[in-house]
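Trainee:
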Amino acid sequence: MSDTRKTDRATTAPPPAGRGPDRFFRITERGSTLGREIRGGFATFFTMAYILVLNPLILGSAQDKFGHQLDTVQLTTATALVAAVMTVIMGVGGNLPLALAAGLGLNAVVAFQIAPLMSWADAMGLIVLEGLLICLLVVTGLREAVMRAIPQPLKQAISVGIGLFIALIGFVDAGFVSRVPDAAGTTVPVQLGGTGTLTGWPMLVFCLGVLLTVGLLARKVRGAILISIVVMTVVALVINSLADVRSWGLTTPEWPDRIVGAPDFGLIGDFSLFGAFGQAGVVTVVLLVFTLVLSDFFDTMGTVVGVSAEAGLLDEEGNVPQLGRVLLIDGAAAVAGGAASASSATSYIESAAGVGEGARTGFANLVTGGLFALALFLTPLLTIVPLQAAAPALVAVGFLMMTQVRHIEWDRYDIAIPAFLTIAVMPFTYSITNGIGAGFLAYVVVKTVLGRAREVHWLLWGTSALFLVYFAIDPIEQLLGVR
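Numbering-wise, UniProt numbering puts 91 at position 91 of the sequence shown, and it's gapless, one number per residue.
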């Protein structure tokens, strides 16, 4: 895969474009092929299809202030619809292999922090407001200006941190790494497997999948990631039919009783734009929206930079092509997610799996979005891929993104310390936003103590101040009497 990642940088004269999709999406110009784009689209879908199960599970398990719960069938429809529409729009409008769906973490905030304070319609209205604010930041140019103000080494550190983060996601999703229960009486926070050892058939599927994926990547086999997902899904289906497997987690590899399921669009448009102010109060709502905006803002920033860097699409200054358009579509996705009651939709770092498969353009999004559209009717069929078969792709992509660490000047402490904190905090706190915030604050502090504060762009000063509020949100809420 690595031989195609930086094709457009190294080529002085781009190859002649073809016709139709090739010319529109600049497939040949970016050193890709139609086959790679299609494989990349499939790989991205299979590594993020879990959201069709997980988002309804998270939102459907919570109650709002009045004890109401959302219907899981309607949530599945809303999740698939938003992912399909916004992924296609990103492909056509932004021409990046960047898929979008309901954001993990944000949906938990909505379910367990926001909904208990108001009705579900009010909570989803806050998501719409958050998305509109993001769009306003894009239109005014502020969001793009912040991204362009970030020094290149910090952008590289963000990519590396995301690589470690996405690998950790793969290990955790597969059950290779798990949290040690509080009752265990140990200070060790995580462990190997579920009990300190690797047990069960699902774990065998994951381990074999990792070995197969890295072996194919080392051999530079075309379609390595997708081949691994398909092969290990077949292996999982066979194992599940022959062995007594207790649990595969969210998705079980078995042929469903029915293939077609009718979508239920009952939640679409069920939101109240300003109802939250009457239910929770102005101060509480402002703080909630601030947290949502900051998290969505920088999660997307890290994802866009990381995926574009892995695809070799950044220019000499480390900027993303058509950045303003990409950020506007991402903001619109948050609005769409709230309007559909699917929670805020955002760019998915799992898109890096498609990039690892060779995708370089938005054409891959047509494939991914098309599969999400099919999931509206074929959810039982498309969710037979267990996480243990898809997660090896995330581990492999983590390696590919980690290779950018060699570009960071580790002998310069004003760069190395912020870079290290960015890289370390992301996986250790399970948050892209936290890693970026730690890196920004460290960059400003180190530059200042070295007497080089003037080298810090004013936007980084302002952003770091916001992150200071973000990290200190709990004592601030207590001082304001919110809690």
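Every residue, glycine too, gets a C-beta built ideally from N, C-alpha and C.
All of these numbers come straight from a predicted model, not from anything done at the bench.
Can you tell which of I415, H68, G324 has the C-alpha that lies nearest to the C-alpha of residue 555?
Mentor: Nothing can be reported for residue 555, as the shown portion of the chain is limited to 1 through 483.
Trainee: With distances taken Cα to Cα, identify the nearest neighbour of F271 among S119, V53, T44.
Mentor: As a first step, residue 271 must be located in the sequence shown, where it is residue number 271. Nearest of S119, V53, T44 to F271, Cα basis: S119.
Trainee: Would you kindly work out how many angstroms separate the C-alpha atoms of R158 and F420, rounded to a whole number?
Mentor: Along the sequence shown, one-based indexing puts residue 158 at 158. Along the sequence shown, one-based indexing puts residue 420 at 420. Looking at the sequence itself, residue 158 is Ile, so the reference to Arg does not match. Their Cα atoms are separated by approximately 10 Å.
Trainee: How far does the beta strand (DSSP E) with G102 in it extend, from its first residue to its last?
Mentor: Working through the sequence shown from its first residue, we reach residue 102 at position 102. Strictly speaking, residue 102 in this sequence is Ala, with Gly absent from that position. A102 -> beta strand (DSSP E) spans 100-102.
Trainee: What residue ranges within the stretch 32-85 form continuous beta strand (DSSP E) runs of no fewer than 3 residues, ordered along the chain?
Mentor: none
Trainee: Counting pairs of Cβ atoms below 8 Å between the stretch 72-89 and the stretch 47-60, do you hit three or more?
Mentor: yes
Trainee: With a threshold of 7 Å on Cβ separation, who are the neighbours of V160 within its own chain once the five nearest residues in sequence on each side are excluded?
Mentor: Translated into positions along the sequence shown, residue 160 becomes position 160. Taken in chain order, the residues that qualify are M401, M402, Q404, V405, I423.
Trainee: Compute the distance between the beta-carbons of A453 and I417, then report whether it is under 8 Å.
Mentor: Position 453 of the sequence shown, counted from the start, is the residue given in the question as residue 453. Position 417 of the sequence shown, counted from the start, is the residue given in the question as residue 417. Cβ distance not < 8 Å, so A453 and I417 don't count as in contact.
Trainee: For the stretch 395-483, which segments carrying the alpha helix (DSSP H) assignment without a break, of at least 4 residues, lie completely within its bounds, in sequence order?
Mentor: 413-429, 432-449, 458-471, 473-479
Trainee: Assuming E357 and G40 form a contact by the criterion Cβ under 8 Å, report the distance between their Cβ atoms to the nearest whole angstrom.
Mentor: Residue mapping note: residue 357 aligns to position 357 of the sequence shown, counting from 1. Residue mapping note: residue 40 aligns to position 40 of the sequence shown, counting from 1. Confirmed, about 4 Å.
Trainee: If you pair each beta-carbon of the stretch 376-385 with each one of the stretch 109-118, do three or more pairs fall below 8 Å?
Mentor: Not touching, per the Cβ criterion.
Trainee: With DSSP run on the structure shown, which of helix, strand or coil describes S343?
Mentor: Against the sequence shown, residue 343 aligns to sequence position 343. In the structure shown, S343 sits in coil (DSSP, three-state: anything other than H, G, I, E or B).
Trainee: What residues in its chain sit with their C-beta under 6 Å from that of L83, if we drop five residues either side in the sequence?
Mentor: Within the sequence shown, the letter at position 83 stands for residue 83. Note that residue 83 is Ala in the sequence shown here, rather than Leu. Excluding positions up to five away in sequence, the list reads A101, F372.
Trainee: Tell me, please, which residues DSSP counts as bridged to S178.
Mentor: Position 178 of the sequence shown holds residue 178. Paired residue(s): Q191.
Trainee: Count the other CB atoms, across all protein chains shown, that sit within 10 Å of the CB of K220; report buried if there are 16 or more and exposed otherwise.
Mentor: Taking the first residue of the sequence shown as 1, we reach residue 220 at position 220. It is exposed - the Cβ of K220 has fewer than 16 other Cβ atoms within 10 Å.
Trainee: First and last residue of the alpha helix (DSSP H) that includes E213?
Mentor: For this step, residue 213 is matched to residue 213 along the sequence shown. Checking the sequence shown, residue 213 turns out to be Thr, not Glu. Looking at the DSSP string, the run of the alpha helix (DSSP H) that includes T213 is 201-218.
Trainee: Might you give, ordered along the chain, the residues of its own chain that have their beta carbon closer than 6 Å to the beta carbon of L292, omitting 5 neighbours on each side?
Mentor: The residue given as residue 292 occupies position 292 in the sequence shown. E130, listed in sequence order.
Trainee: So the candidates are I169, N107, P151; which of them puts its Cα closest to the Cα of N319?
Mentor: Looking up residue 319 in the sequence shown gives position 319. Minimum Cα distance to N319 is reached at P151.
Trainee: Can you find the residues in the same chain that come closer than 6 Å, C-beta to C-beta, to A364, ignoring five residues on each side of it along the sequence?
Mentor: Taking the sequence shown and counting its residues from 1, one reaches residue 364 at position 364. E37, G40, G41, P97, G354.
Trainee: Are G193 and M203 touching if we call contact CB-CB under 8 Å?
Mentor: Within the sequence shown, the letter at position 193 stands for residue 193. Within the sequence shown, the letter at position 203 stands for residue 203. Result yes, Cβ atoms of G193 and M203 sit closer than 8 Å.
Trainee: Decide if the stretch 429-441 is in contact with the stretch 463-470; the criterion is three or more beta carbon pairs, one per stretch, under 8 Å apart.
Mentor: yes
Trainee: For the alpha helix (DSSP H) holding W248, just list the boundary residues, first then last.
Mentor: Numbered from its first residue, the sequence shown carries residue 248 at position 248. Segment: none, W248 is in no alpha helix (DSSP H) and carries neither H nor E.
Trainee: Using a Cβ-Cβ cut-off of 7 Å (strictly less than) and excluding sequence neighbours within five positions of L132, which residues of its own chain qualify?
Mentor: One-based indexing of the sequence shown puts residue 132 at position 132. Excluding sequence neighbours, L132 sits near V335.
Trainee: So does the stretch 296-310 actually touch the stretch 223-241, counting three or more Cβ pairs closer than 8 Å?
Mentor: no
Trainee: For E409, count the other beta carbons within 10 Å of its own beta carbon; 16 or more makes it buried, fewer makes it exposed. Which is it?
Mentor: By 1-based counting over the sequence shown, the position of residue 409 is 409. Result: exposed.
Trainee: If you follow the alpha helix (DSSP H) that A108 is part of, which residue opens it and which one closes it?
Mentor: As a working mapping, residue 108 is identified with position 108 in the sequence shown. Segment 106-109, the alpha helix (DSSP H) holding A108.
Trainee: Closest by CA to L75, which one among A333, D414, Q388, G266?
Mentor: As a first step, residue 75 is located in the sequence shown; it is residue number 75 there, counting from the start. Selected option, being the one with the closest Cα: G266.
Trainee: Should W255 go down as buried or exposed, given a rule of 16 or more other Cβ atoms within 10 Å for buried?
Mentor: As a position in the sequence shown, residue 255 is number 255, starting the count at 1. W255 is exposed by the Cβ-count criterion.
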